[in-house]
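In this note's numbering, the protein residues as written are 726 to 928.
Ideal placement from N, C-alpha and C gives every residue a C-beta, glycine not left out.
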């Protein structure tokens, strides 16, 4: 990382205008490389944010006109619910135990009345994980409701099946092995369409 920073300085990247062609070309290449390395579907959109925490706020604003439903068993999932409730007070959640896997058939939310279901795939605070099979089954139950996955402790470390959720996001200081201060937000075409329909730019 030290050498990358030195190279960026020597090559003038730290003073390149962010709207200029040199920088926009770098972003296009970075997105293409990221999709290739992580096997992200070509029709999914990759955005860069300041952190995974910022993604919580973006999703509450841009994908949740009514309410979200959160499954959590640790501090990060619980904090995500609180962030969502600050913007969408009707958002609800369900806590489950460290040795439990939630029963998808009995989850207390109505897909027709919920905009976004939110899970933390790899809960850093408890060292627990919702495995691929659970995510697949949950996605299949939701119908038109979007599924969002906080993958901060697994993105770039696991071979994730991106087509089985509409939103994936992470900060880069975990499995990417990079300094903190950058978030990656991956959106399905359905999520992009919903953000355009909601069109909330208040925050």
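Look at residue 832 here: in three-state DSSP terms it is coil, with no helix or strand label. Annotation for residue 901: 881 place their beta carbon closer than 6 Å to its own, counting only its chain and skipping 5 residues before and after. The stretch 800 to 813 and the stretch 855 to 862 do not touch, with fewer than 3 CB-CB distances between them shorter than 8 Å. For the pair of segments examined, the stretch 911 to 925 was found to touch the stretch 888 to 901: the number of CB pairs separated by less than 8 Å reaches three.
With respect to the 7 Å criterion, residue 791 and residue 837 are not classified as neighbours on the basis of their beta carbons. Taking a C-beta distance under 7 Å as the contact criterion, residue 853 and residue 832 do not qualify as a contact pair.
In this structure, DSSP gives residue 779 a helical state, which the three-state scheme calls helix.
Residue 794 is classed as buried because its beta carbon has at least 16 other beta carbons within 10 Å across all chains shown. Here DSSP, grouped into helix, strand and coil, assigns residue 774 to strand.
If you draw a 10 Å sphere on the C-beta of residue 773, you find fewer than 16 other C-beta atoms in it, and that means exposed. If you look at residue 912, you'll find it in the beta strand (DSSP E) that goes 908 to 912. Checking the DSSP bridge columns, you'll see residue 875 partnered with 845 and 894.
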